[in-house]
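Enquirer:
Here you go:
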């Protein structure tokens, strides 16, 4: 050791170095150094996994077109599906023609399935409507983009966003039905669909088809109520308050307060219809204007009818009923004036529709096998006219003066025939009951006004005066005559009394003799009666012996000659010996 | 740390080899001749049992591995959000650069510069400097030894402050918890960032500044 220190460290005293302690030597515990390199490998794995999460696991990028980017902020606005965040808006830019905006959205990898053909996007903002308030949460959180996942598998990366939320989300249990309507009423998207005044669905949209001039209202009936809708179900517009003043009086109908305010549709099954299987989704129905029309039996095609009335039609409005023996079978369409050059009069021409199907059994009885044939239906009506069917205007409501057209078989009418021109039948008319009475009363009044009541009165007065004078003259003579008559009667009285007493005696005797006669003849002990009885008995017996004789003679005619033979011997011991 | 302040001094050597100073208790020990040292044996201070090295074992390798790991994690640390804040109105995530950008836009330039230096510049410079130091040990041992030694001291000094961002986020996440009104959450980027800081600290720790002077000693 010393030699080494001499060689290498001349500046330091070796003794001092020799006094330094020796380090302790330990067996190594360390493994190979290569473990150090695990650190960057782990770092690489960690960094790689982070990158995988952010870069590779990112879903597709899609473009959505909106009318406006109101409330959409790049980097902040979420895309949500069922309120779950599935993506984020990256950029918002204008479309090339600057008419719409394009929102670029980065979807999450897990939501990549949303980027298919029939997925719908819309911006959720707070909305206040008659049907309620929606999207209230977005007041604080800001708008977000709502999503309704499509069912298609065809991928797509550019979409056109809806302006409002769709009213039926895919997968929402229930059924959509299409109602054909002439008039939307106060219906709106979101208006309720009511069944027995319970809200079971909503209006989800309507379209006006200009080609066929018809409104198609789409309604969504939620599960489980959608099974209540069968092919026979009738829908009607329950919007608002239905106030009707008609021949049948004043009617007020309302479904619910909500439907009064927001409009609504109600449906019901007509009575007596057997329960059928639920209607399939997208089935088409007719939307009637009111419940009565909806629940009325099927009308079939109407027959146009023309009626000419010679009286005022005041109170006969459009849709006034046409009544056949109390059954409403049609409705008035138009009321207009006509000119009859021949008679120089202004009759009222009423055009109306009659639904032959409403005649029911009547129609069946008159004409068999004519379903759906307008010509045959006309023939039915014609035959009814020939049997005396006439149209008459009658007062339906005395208060309001509403008129209706009554069809009736009026016997006193003269023969008439219905003429048919271009499918329209002319029904002969009869004067209405009221107008008849009116004219009769007028006639009477007219006649009465002709009576010279004053003259009659004067004549009557003078006649009575004369009569009075005549009676006054007659009075003394009459008194005398009366007193004479009473004296004559008084003279007659005693004789008459005597005569009457005699008559009474005679009658009494007659009564007695009649009594004795009666006793002899009718009493069972009367001798006459008994004798007759005995005689009859004898006669009876004689007749009996005569019959025996004749019977015998018939059997033994020879006895007439030979006489009756002796009795035959009895077949006993006497013949043997 | 470095035994010599200039390149001209020779270290003392005993007969058994170079003397070993204990880094823990300061006791100087005699060296052990390599032929008497079993393969892979560890020398320990006879007084306090602290390991004794002429130079830290595998220093360059460890430094390299930590520097490389830090460099790898530096990318997600910047690319990914370090924090998300949720308020009643929306949810926001913040990356380091995004936060600096926001500060800059808001007019807090001074703050933006501080955050930029502490969060972006310092880690980059530390990684670069440690890489340079580790590289120069083998490839350019003679190049500006004194400057390299100063650079190393600077790195050690700065290292004490580099967890600032992590502390801020952790404090925010712990304090800002007002239910749905407002809350802050650490995000994966923060983990990466903390790993970068820790790895640079480890790299600086595993680098032995005595290596800066070694080659001269051996070859000169």
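Protein chains in written order, with this note's numbering: chain R, 149 to 725; chain H, 216 to 435.
No residue lacks a Cβ here, since even glycine has one placed at the ideal position from N, Cα and C.
Against chain H, does residue 231 (chain R) count as a neighbour if the rule is that its beta carbon must be under 8 angstroms from one of theirs?
Expert: The residue given as residue 231 (chain R) occupies position 83 in the first chain. With 8 angstroms as the cut-off, residue 231 (chain R) does not count as an interface residue toward chain H.
Enquirer: Considering only C-alpha positions, which residue in the set R:307, R:454, R:692 and R:417 is nearest to residue 266 (chain R)?
Expert: On the first chain, residue 266 (chain R) is found 118 positions in, with the first residue counted as 1. The shortest Cα separation from residue 266 (chain R) among R:307, R:454, R:692 and R:417 belongs to R:307.
Enquirer: On a CA-only basis, which of R:671, R:629 and R:459 is nearest residue 587 (chain R)? Give me that one, please.
Expert: Against the first chain, residue 587 (chain R) aligns to sequence position 439. Nearest C-alpha to residue 587 (chain R): R:459.
Enquirer: Cβ closer than 8 angstroms: which chain R residues qualify as neighbours of residue 247 (chain H)?
Expert: Stepping through the second chain from its first residue, residue 247 (chain H) is reached at position 32. Chain R residues near residue 247 (chain H): 170, 171 and 173.
Enquirer: Would you kindly check if the distance between the Cβ of residue 415 (chain H) and the Cβ of residue 372 (chain H) is under 8 angstroms?
Expert: Sequence index remark: in the second chain, residue 372 (chain H) carries index 157 (1-based). Sequence index remark: in the second chain, residue 415 (chain H) carries index 200 (1-based). No, these two residues do not count as a Cβ contact at 8 angstroms.
Enquirer: To the nearest angstrom, how far is the alpha carbon of residue 380 (chain H) from that of residue 331 (chain H)?
Expert: Here residue 380 (chain H) is taken as the residue at index 165 of the second chain, counted from 1. Here residue 331 (chain H) is taken as the residue at index 116 of the second chain, counted from 1. Spanning the two alpha carbons is a distance of roughly 10 angstroms.
Enquirer: Between the Cα of residue 311 (chain H) and the Cα atoms of H:419, H:322, H:301 and H:328, which residue gives the shortest distance?
Expert: On the second chain, position 96 is the one that residue 311 (chain H) refers to. Comparing Cα positions, the closest option is H:328.
Enquirer: For residue 251 (chain R), does the three-state DSSP call read helix, strand or coil?
Expert: Along the first chain, read from residue 1 onward, the residue named residue 251 (chain R) stands at position 103. Strand at residue 251 (chain R).
Enquirer: Can you tell me where the beta strand (DSSP E) holding residue 663 (chain R) begins and where it ends?
Expert: Taking the first residue of the first chain as 1, we reach residue 663 (chain R) at position 515. First-last for residue 663 (chain R): 601-670, but that is the alpha helix (DSSP H), not the beta strand (DSSP E).
Enquirer: Given this structure, state the Cα-to-Cα distance separating residue 411 (chain R) from residue 441 (chain R), to the nearest angstrom.
Expert: Taking the first residue of the first chain as 1, we reach residue 411 (chain R) at position 263. Taking the first residue of the first chain as 1, we reach residue 441 (chain R) at position 293. Cα-Cα distance, rounded: 18 angstroms.
Enquirer: Compare the C-beta of residue 242 (chain H) against all C-beta atoms of chain R and say whether one is closer than 8 angstroms.
Expert: Residue 242 (chain H) sits at position 27 when you count from the first residue of the second chain. Cβ-Cβ to chain R under 8 angstroms: yes for residue 242 (chain H).
Enquirer: Determine, using beta-carbon pairs with one atom in the stretch 413-426 of chain R and one in the stretch 447-454 of chain R, whether at least three such pairs fall under 8 angstroms.
Expert: The stretch 413-426 of chain R is not in contact with the stretch 447-454 of chain R.
Enquirer: Pair every Cβ in the stretch 222-239 of chain R with every Cβ in the stretch 188-204 of chain R, then say whether three or more of these pairs are closer than 8 angstroms.
Expert: They do not touch, by the three-pair rule.
Enquirer: What residues in the stretch 214-241 of chain R have a beta carbon less than 7 angstroms from any beta carbon of chain H?
Expert: For the stretch 214-241 of chain R, which is checked against every Cβ of chain H, the residues closer than 7 angstroms are 224.
Enquirer: Going by DSSP, name the residue or residues bridged to residue 397 (chain H).
Expert: As a position in the second chain, residue 397 (chain H) is number 182, starting the count at 1. Residue 397 (chain H) pairs with H:302.
Enquirer: Figure out for me which residue from H:251, H:268 and H:253 has the closest Cα to the Cα of residue 259 (chain H).
Expert: For the purposes of this step, residue 259 (chain H) is identified with residue 44 of the second chain, where counting begins at 1. The candidate whose alpha carbon is nearest that of residue 259 (chain H) is H:268.
Enquirer: So residue 473 (chain R) and residue 383 (chain R) are supposed to be a Cβ contact under 8 angstroms. How far apart are they, rounded?
Expert: One-based indexing of the first chain puts residue 473 (chain R) at position 325. One-based indexing of the first chain puts residue 383 (chain R) at position 235. No, residue 473 (chain R) and residue 383 (chain R) are not in contact; Cβ-Cβ is about 31 angstroms, not under 8 angstroms.
Enquirer: Closer than 8 angstroms, CB to CB, is residue 283 (chain H) near chain R or not?
Expert: For the purposes of this step, residue 283 (chain H) is taken as residue 68 along the second chain, with counting starting at 1. It does: the Cβ of residue 283 (chain H) has a partner Cβ on chain R nearer than 8 angstroms.
Enquirer: In the structure shown, what three-state DSSP assignment does residue 224 (chain R) receive?
Expert: The residue given as residue 224 (chain R) occupies position 76 in the first chain. If DSSP states are grouped into helix, strand and coil, residue 224 (chain R) belongs with coil.
Enquirer: With 8 angstroms as the threshold, decide whether the Cβ of residue 295 (chain H) is near any Cβ in chain R.
Expert: Looking up residue 295 (chain H) in the second chain gives position 80. Closer than 8 angstroms to some Cβ of chain R, the Cβ of residue 295 (chain H) qualifies, so yes.
Enquirer: In three-state DSSP terms, what is residue 157 (chain R)?
Expert: Here residue 157 (chain R) refers to the residue found at position 9 when the first chain is read from its first residue. Its pLDDT being 42, under 50, residue 157 (chain R) is placed unreliably in this model, and the coordinates cannot settle the point.
Enquirer: Roughly how many angstroms lie between the CA atoms of residue 597 (chain R) and residue 603 (chain R), to the nearest whole one?
Expert: Counting from one through the first chain, the residue named residue 597 (chain R) turns up at place 449. Counting from one through the first chain, the residue named residue 603 (chain R) turns up at place 455. Each residue's Cα considered, the two are about 13 angstroms apart.
Enquirer: Is residue 381 (chain R) closer than 8 angstroms to residue 427 (chain R) when the C-beta atoms are compared?
Expert: Taking the first residue of the first chain as 1, we reach residue 427 (chain R) at position 279. Taking the first residue of the first chain as 1, we reach residue 381 (chain R) at position 233. The answer is yes: Cβ separation under 8 angstroms.
Enquirer: With a cut-off of 8 angstroms, does the C-beta of residue 253 (chain R) fall near any C-beta of chain H?
Expert: Here the question's residue 253 (chain R) lines up with position 105 in the first chain. Chain H, which has no Cβ nearer than 8 angstroms to the Cβ of residue 253 (chain R), makes this no.
Enquirer: Compile a chain-ordered list of the residues in the stretch 307-341 of chain H whose CB is closer than 7 angstroms to at least one CB of chain R.
Expert: Per Cβ criterion, the list is empty.
Enquirer: For residue 667 (chain R), collect the residues of the same chain with a Cβ closer than 8 angstroms to its Cβ; drop the 5 residues on either side in sequence, then sort them by chain order.
Expert: Position 519 of the first chain, counted from the start, is the residue given in the question as residue 667 (chain R). Correct list, in chain order: 674.
Enquirer: Could you name the residues of the stretch 389-404 of chain H whose beta carbon sits closer than 7 angstroms to any beta carbon of chain R, in the order they occur along the chain?
Expert: From the stretch 389-404 of chain H, only 403 have a Cβ closer than 7 angstroms to chain R.
Enquirer: Only counting the same chain, and skipping five residues up and downstream in sequence, which positions put a Cβ closer than 7 angstroms to that of residue 168 (chain R)?
Expert: For the purposes of this step, residue 168 (chain R) is identified with residue 20 of the first chain, where counting begins at 1. Nothing meets the Cβ criterion.
Enquirer: For residue 234 (chain H) and residue 245 (chain H), what's the separation of their Cα atoms in angstroms?
Expert: Indexing the second chain from 1 puts residue 234 (chain H) at position 19. Indexing the second chain from 1 puts residue 245 (chain H) at position 30. Straight-line Cα distance between these residues: approximately 5 angstroms.
Enquirer: Leaving aside the five residues before and after residue 443 (chain R) along the sequence, list all residues of the same chain whose C-beta is less than 7 angstroms from its C-beta, in chain order.
Expert: One-based indexing of the first chain puts residue 443 (chain R) at position 295. Only 382, 416 and 418 meet the Cβ criterion.
Enquirer: Taking Cβ positions, are residue 187 (chain R) and residue 299 (chain H) nearer each other than 8 angstroms?
Expert: By one-based count along the first chain, residue 187 (chain R) stands at place 39. By one-based count along the second chain, residue 299 (chain H) stands at place 84. No; because the gap between Cβ atoms is not below 8 angstroms, this pair is not in contact.
Enquirer: Can you give the Cα-Cα distance for residue 368 (chain R) and residue 437 (chain R), rounded to whole angstroms?
Expert: As a working mapping, residue 368 (chain R) is identified with position 220 in the first chain. As a working mapping, residue 437 (chain R) is identified with position 289 in the first chain. Cα to Cα, residue 368 (chain R) sits roughly 19 angstroms from residue 437 (chain R).
Enquirer: If distances are taken between C-alpha atoms only, which option among R:324, R:570 and R:364 comes closest to residue 378 (chain R)?
Expert: Mapped onto the first chain, residue 378 (chain R) falls at position 230. Cα-wise, what sits closest to residue 378 (chain R) is R:324.
Enquirer: Can the beta-carbon of residue 301 (chain R) be found closer than 8 angstroms to that of residue 264 (chain R)?
Expert: Position 153 of the first chain holds residue 301 (chain R). Position 116 of the first chain holds residue 264 (chain R). Against a cut-off of 8 angstroms, the Cβ pair of residue 264 (chain R) and residue 301 (chain R) comes out as a contact.
Enquirer: If contact means a Cβ-Cβ distance below 7 angstroms, which residues of the stretch 304-323 of chain R contact chain H?
Expert: So nothing in the stretch comes that close.
Enquirer: Applying a beta-carbon distance threshold of less than 9 angstroms, which residues of chain H neighbour residue 274 (chain R)?
Expert: For the purposes of this step, residue 274 (chain R) is taken as residue 126 along the first chain, with counting starting at 1. In chain order: nothing, as chain H lies at least about 14 angstroms away.
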